[in-house]
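Residue numbers (the working numbering), protein chains in the order written: chain A, 601 to 716; chain B, 85 to 197. Glycine included, each C-beta is placed from N, C-alpha and C at the ideal position.
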């Protein structure tokens, strides 16, 4: 099956620092990747849609200058949380869509970000 | 997007079948019914999807009502590892590939040993 990995699985950082989260499709090429955020006991909320080689499309209310997304290849997308603050602490999850089978999204295991 | 309604929570005994309902009375003729589940502290996992006919795979079965206004995800023999939040999501094939998944609150399934 299609496998999506995320790195790191958890990160703790100080307020004001930037954190990069990687999302990789391990055994397939993904033309589209999605980034979601999930607060405790809440459902997933889409942050942005990332297409390889083009700028990400952000959902309303998501600051594109704060959450930088780069989809440089068909197997890698990165999310950088710039100048992180405690309110950015959350569970960040990416998903990917196979280029040849678009009806299913495959999710990564998530990254737990804690900003002190 | 057409909306789905699921019970907030359900309990089931281990090794018994579980029927998770989903109502989608405003479903359009081309919407597919997708089910995902999210185990604790993990990303969501695809379970099954269907359009009109009932579907089976190694994880579960999907029973779709004749009028398509409701569906039921069936876990034939629940194990402790099936404890998760189950999401029922409607998707239009016109948007496959670039469509975000809109997650509702889902059903939190608890398995009793």
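Just by C-beta distance, which residues in the region 145-175 of chain B are closer than 9 Å to chain A?
Per Cβ criterion, the list reads 169, 171, 175.
Between 669(A), 690(A), 685(A), which has its C-alpha nearest residue 634(A)'s C-alpha?
For this step, residue 634(A) is matched to residue 34 along the first chain. Closest by alpha carbon: 669(A).
Consider the Cβ of residue 709(A): report whether some Cβ of chain B lies at a distance smaller than 8 Å.
For the purposes of this step, residue 709(A) is taken as residue 109 along the first chain, with counting starting at 1. Yes - at least one Cβ of chain B is within 8 Å of the one on residue 709(A).
Closest Cβ-Cβ distance between residue 669(A) and chain B: below 8 Å?
Position 69 of the first chain, counted from the start, is the residue given in the question as residue 669(A). No, its Cβ sits nowhere closer than 8 Å to a Cβ of chain B.
Spatial neighbours of residue 167(B) within its chain, please: C-beta separation below 8 Å, excluding the five flanking residues on both sides.
Here the question's residue 167(B) lines up with position 83 in the second chain. Around residue 167(B): 123, 124, 193, 194, 195.
Just reading off the beta strand (DSSP E) that residue 134(B) is part of, what are its end residues?
As a first step, residue 134(B) must be located in the second chain, where it is residue number 50. Where residue 134(B) is concerned, the enclosing beta strand (DSSP E) stretches over 129-134.
Where does residue 622(A) fall in DSSP's three states?
The count along the first chain starts at 1 and reaches residue 622(A) at position 22. Residue 622(A) falls in the strand class under three-state DSSP.
Between residue 623(A) and residue 694(A), is the Cβ-Cβ spacing less than 8 Å?
Walking along the first chain from the start, residue 623(A) turns up at place 23. Walking along the first chain from the start, residue 694(A) turns up at place 94. A contact, by the Cβ cut-off of 8 Å.
Please name the residue, chosen from 707(A), 712(A), 689(A), that lies closest to residue 632(A) on a Cα-to-Cα basis.
Here residue 632(A) refers to the residue found at position 32 of the first chain. Nearest of 707(A), 712(A), 689(A) to residue 632(A), Cα basis: 707(A).
Under the DSSP definition of a beta bridge, which residues are partnered with residue 156(B)?
For the purposes of this step, residue 156(B) is taken as the residue at position 72 of the second chain. Answer is 105(B), 147(B).
Curious, which full-length beta strand (DSSP E) runs of at least 3 residues does the region 623-702 of chain A contain?
DSSP runs (the beta strand (DSSP E)) wholly in the region 623-702 of chain A: 630-638, 645-651, 667-673, 676-681, 690-698.
Taking the alpha carbon of residue 173(B) as the reference point, which residue from 109(B), 94(B), 98(B) has its own alpha carbon closest?
The sequence position of residue 173(B) within the second chain is 89, counting from 1. Nearest C-alpha to residue 173(B): 109(B).
CA-CA distance, residue 615(A) and residue 713(A)?
Looking up residue 615(A) in the first chain gives position 15. Looking up residue 713(A) in the first chain gives position 113. Each residue's alpha carbon lies about 12 Å from the other.
Return the chain-ordered list of same chain residues with a C-beta closer than 7 Å to the C-beta of residue 652(A), the five sequence neighbours on each side being excluded.
Counted from its first residue, the first chain places residue 652(A) at position 52. Correct list, in chain order: 631, 671, 673, 674.
Taking Cβ positions only, does residue 90(B) come closer than 8 Å to chain A?
Against the second chain, residue 90(B) aligns to sequence position 6. No, no contact with chain A.
Who are the near neighbours of residue 158(B) in its chain, counting only those whose CB is closer than 8 Å to its CB and skipping five residues on each side?
Here residue 158(B) refers to the residue found at position 74 when the second chain is read from its first residue. Within the same chain, residue 158(B) has close Cβ partners 101, 102, 103, 104, 144, 145, 146, 147.
Can you tell me whether residue 128(B) is buried or exposed? The criterion is at least 16 other CB atoms within 10 Å of its CB, across all chains shown.
As a working mapping, residue 128(B) is identified with position 44 in the second chain. Under this definition residue 128(B) is a buried residue.
Which of helix, strand or coil does DSSP assign to residue 174(B)?
Taking the first residue of the second chain as position 1, residue 174(B) is located at position 90. If DSSP states are grouped into helix, strand and coil, residue 174(B) belongs with the strands.
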